[in-house]
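A.B. asks:
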Amino acid sequence: MAHKAQAVWNSFIATGLVPFNPDRSSSLQTPQNPRQFKRQMTTIKKRISRHTRSSSEAIDEVFTRASKAYEMSINKLTIAQKELHDLRAAHEKEKQKRQRSKQQVSHKQGITREEAQALVQGQIEASQAVTTALANLNSQSLIHLYDVNFAAVVVALQDIK
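Here is the structure:
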């Protein structure tokens with residue numbers, strides 16, 4: 001079985017036999033789920049313990065805090081995404097309800113112009129409230145917030161060194 005050159009090179013890098021490359025240590029990708037985050041934290045802990053001979057209690061404390069903060073952030077993001085999904089579903093249901101609503105007015109008793117305007121205004125206000133709530137819960141802005149938190153953890157780790 002022939003080995004590919006990249007596989008051999010990666011093996012040398014993993015064992016530490018290749019010269020130190022400072023750019024490689026900062027090339028970790030942002031984790032997308034808790035499993036990737038824990039794996040990345042373990043990798044970073046191993047790298048730090050290889051390069052430092054001092055007590056790692058402070059580093060472990062920072063990692064523990066970062067891990068808890070990340071898990072809380074992911075939980076909040078999950079809740080926000082669920083709320084966003086529910087609001088969109090409610091908005092869609094309201095739109096369909098408005099489209100199929102064919103309120104019949106009795107020929108004997110009609111409604112006044114003011115009553116008709118009040119009905120239309122109520123529907124418009126309900127639609128605007130749902131649209132405003134959807135605009136406030138933009139999931140991309142939440143993801144950006146968590147990326148900023150992760151960057152702050154990396155900076156804190158660099159300060160410990």
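Mapping the sequence shown onto UniProt numbering, position 19 (from 1) lands on 19, and the numbers just tick up by one.
Cβ atoms here follow ideal geometry from the backbone N, Cα and C, with glycine treated the same way.
This one's a predicted model, so the numbers in the text were calculated from it and none came from an experiment.
Please determine if the segment 114–123 and the segment 70–82 are in contact, where contact requires at least 3 C-beta pairs separated by less than 8 Å.
C.D. replies: Touching, no, given that fewer than three Cβ pairs across the two stretches are closer than 8 Å.
A.B. asks: Hey, how far is the Cα of H3 from the Cα of S73?
C.D. replies: Residue numbering aside, residue 3 sits at position 3 when the sequence shown is read from its first letter. Residue numbering aside, residue 73 sits at position 73 when the sequence shown is read from its first letter. Roughly 42 Å separates the two Cα atoms.
A.B. asks: In whole angstroms, what separates the C-alpha of I59 from that of K45?
C.D. replies: Translated into the one-based positions of the sequence shown, residue 59 becomes position 59. Translated into the one-based positions of the sequence shown, residue 45 becomes position 45. Near 8 Å, if we compare the C-alpha coordinates of K45 and I59.
A.B. asks: By the 10 Å Cβ neighbour count, where 16 or more other Cβ atoms means buried, how is A66 classified, buried or exposed?
C.D. replies: Translated into positions along the sequence shown, residue 66 becomes position 66. So A66 ends up on the buried side.
A.B. asks: Based on Cα-Cα distance, which residue from F12, E94 and E83 lies nearest to A126?
C.D. replies: For the purposes of this step, residue 126 is identified with residue 126 of the sequence shown, where counting begins at 1. Checked all of F12, E94 and E83; the closest Cα to A126 is E94.
A.B. asks: Can you tell me which of L87, E83, Q123 and A118 puts its alpha carbon nearest to the alpha carbon of K97?
C.D. replies: Sequence index remark: in the sequence shown, residue 97 carries index 97 (1-based). Looking at the Cα atoms, Q123 is the closest of the given residues.
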